[in-house]
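Engineer: Mind having a look at this structure? Questions to follow.
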Amino acid sequence: MTYIEATGYILNIPKFTKKNDARHTKTFLRYIGNPQERLKVLHVAGTNGKGSVCAYLDSMLRSEGKRTGLFTSPHLVNINERIAIDGEQISDDDFTRIFEKTLEAVRRMEAEGLSHPTFFEFLFGMAVSAFADAGVEYAVIETGLGGRKDATRSIEHPIVCAITSIGLDHMEHLGDTLEEIAREKAGIIRPGVPVFYAETAEESDCVIESAAKEQGSFCKKIGKDAFEILGIEDKHIAFSCLSAYYGTTTWKLNNTGVYQPHNAMLAMEVMQYLFGENGHPKRWRETLAELKWAGRMEEVLPEVYIDGAHNVSAMEAFAQSVPQEGRRNIVLFSAVQDKDYRRMIRCLCGRVQADLFVVTHISGGRGTDARVLAKIFREYTEQPVIVRESVEEAFTFVLEHQGERRIYCLGSLYLTGKIRELVQEVI
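FYI, our numbering numbers position 129 of the sequence shown as 141, with every residue one higher than the one before it.
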């Protein structure tokens with residue numbers, strides 16, 4: 013089978029499968045040889061920041077000389093992005109080999125009357141199988157949706173759990189309040205497994221603390237006062253840590269998002285737990301300063317940034333990261349239908365200084381009509397609002413009208429991925 017045939021099969025899985033429970037995923041893993049049992053798993057859940065925390069953990073583990081696997085979602089351009097070994101996404105040849113191995117196990121399952129794994133289950137199975145085959149020691153695993161019912165929850169014995177900030181997203185599946193959503197995310201906590209979480213709000217923090225207590229698990233909150241942002245310079249954000257473990261040296265991230273130091277601190281505290289006195293914070297500091305995480309306040313062209321903010325809490329965090337003085341901006345926006353895009357738009361118009369808004373439509377069936385988005389923008393801003401039906405047209409338009417302005421593209425990970433793809437075609 014070719015790589016194109018393999019990816020085509022995987023992308024078509026949602027057309028013929030239904031949601032499976034954790035018992036099904038455990039059965040699926042058994043059919044592929046329980047590769048997860050050969051890995052030291054760091055399990056990460058949360059609403060916003062999961063991918064960043066996973067990337068920070070992966071890079072710091074590699075700085076300690078560890079062989080790592082990284083499973084994240086969604087991908088932005090290439091499905092291989094979801095599976096990385098030692099910091100490199102899996103090759104097409106290895107992807108195809110692991111796919112064939114996984115599909116053979118699935119065929120045996122089906123022959124015995126079991127249902128086909130879902131899209132996410134299949135890729136998760138491929139990932140842990142690839143990690144085990146490669147001799148990975150530490151696997152950083154990001155949940156998909158939620159936590160309690162997530163396919164990744166089938167890993168029974170992670171060495172540590174981390175929960176990033178909690179926000180209102182996927183409410184049709186996870187609940188309408190921060191408490192309900194936190195309860196789903198806290199479902200990754202296992203008996204006796206340490207959990208580290210990012211302070212968000214009292215109502216969600218209490219749920220995580222309670223869940224950890226019920227499981228008899230050590231629990232540590234990474235507060236918003238655990239670090240101090242020192243400033244943004246040369247497209248790096250600098251911060252200091254209040255813990256003596258990290259010394260008095262300034263830490264830097266290759267990013268300008270003001271929300272990222274909190275994500276980094278969460279990952280650093282997990283690392284401190286894992287390595288203690290044997291850890292090398294100096295190495296962590298060096299690797300974090302160099303790490304680039306795609307689609308998170310990423311500069312893809314001069315003064316052109318893409319950001320994966322796709323819900324209200326992420327939009328609020330994005331707005332805090334945009335300079336409020338001395339800068340003219342253009343915002344390119346799109347959103348999928350199941351998001352609270354009205355509140356996202358209201359936040360953008362009220363808190364980001366932009367003198368031009370451009371809205372577009374994401375193809376594929378989930379995108380919101382650009383004219384609907386434009387109508388809402390005009391309720392909250394007196395600045396020009398331009399509609400371009402395709403992402404290609406919209407991106408071309410903002411580049412042609414950039415001038416001395418900075419461009420921000422956000423609202424959907426689909427939009428972020430499409431623009432990254434367009435940029436790669438140009439450069």
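Just so it is clear, CB atoms sit at the ideal spot from N, CA and C, and this is done for glycine as well.
Whole-angstrom Cβ separation of residue 427 and residue 403, contact assumed at under 8 Å?
Structural biologist: Right, their Cβ atoms sit about 6 Å apart.
Engineer: Going by Cα to Cα distance, which pick from 171, 177 and 134 is closest to residue 149?
Structural biologist: The residue with the shortest Cα to Cα distance from residue 149 is 171.
Engineer: Can you check which of these residues, 344, 92, 114 and 168, is closest to residue 52 by C-alpha distance?
Structural biologist: Comparing Cα positions, the closest option is 168.
Engineer: Taking residue 394 as part of the alpha helix (DSSP H), name the residues at either end of that continuous run.
Structural biologist: Here residue 394 belongs to no alpha helix (DSSP H), and DSSP marks it neither H nor E.
Engineer: Would you check if there are 3 or more beta carbon pairs closer than 8 Å linking the region 186 to 202 to the region 215 to 235?
Structural biologist: Touching, yes, given that three or more Cβ pairs across the two stretches are closer than 8 Å.
Engineer: Is it buried or exposed for residue 28, if we count other Cβ within 10 angstroms and need 16 for buried?
Structural biologist: Label assigned to residue 28: exposed.
Engineer: Do residue 369 and residue 345 have their CB atoms nearer than 9 Å?
Structural biologist: Yes, Cβ-Cβ distance for residue 369 and residue 345 is below 9 Å.
Engineer: Would you please state the rounded distance, in angstroms, between the beta carbons of residue 94 and residue 80? I believe it to be under 8 Å.
Structural biologist: At roughly 15 Å, the Cβ-Cβ gap does not stay under 8 Å, so residue 94 and residue 80 are not in contact.
Engineer: Measuring straight from C-alpha to C-alpha, what distance separates residue 154 and residue 166?
Structural biologist: Computed Cα separation, rounded: 13 Å.
Engineer: Grab the span of the beta strand (DSSP E) containing residue 303 for me, first residue to last.
Structural biologist: Neither: residue 303 is in no beta strand (DSSP E) and is coded neither H nor E.
Engineer: Would you be able to state if there are at least three C-beta pairs under 8 Å between the region 311 to 322 and the region 418 to 426?
Structural biologist: Short answer: they touch.
Engineer: Tell me the rounded alpha-carbon separation between residue 127 and residue 39.
Structural biologist: Distance between the alpha carbons of residue 127 and residue 39: 10 Å.
Engineer: Do residue 354 and residue 328 have their beta-carbon atoms positioned less than 9 Å apart in this structure?
Structural biologist: Not closer than 9 Å, so no.
Engineer: Taking its Cβ as the centre, do 16 or more other Cβ atoms sit within 10 Å of residue 261, making it buried, or is it exposed?
Structural biologist: Residue 261 comes out exposed.
Engineer: Tell me where the beta strand (DSSP E) around residue 172 begins and ends.
Structural biologist: 172 to 175 is the extent of the beta strand (DSSP E) around residue 172.
Engineer: Measure the CB-CB distance between residue 65 and residue 300 and report whether it falls below 9 Å.
Structural biologist: No, these two residues do not count as a Cβ contact at 9 Å.
Engineer: Please report the residue range of the beta strand (DSSP E) in which residue 371 lies.
Structural biologist: 368 to 372 is the span of the beta strand (DSSP E), which, as asked, contains residue 371.
Engineer: Just checking: is the beta-carbon of residue 66 within a distance shorter than 9 Å of some beta-carbon in chain D?
Structural biologist: You won't find chain D in this structure, because it holds only one protein chain.
Engineer: State the CB to CB distance for the pair residue 359 and residue 324, rounded to an integer number of angstroms; the pair is presumed to be in contact (CB under 8 Å).
Structural biologist: Indeed they touch by this definition, with Cβ atoms about 7 Å apart.
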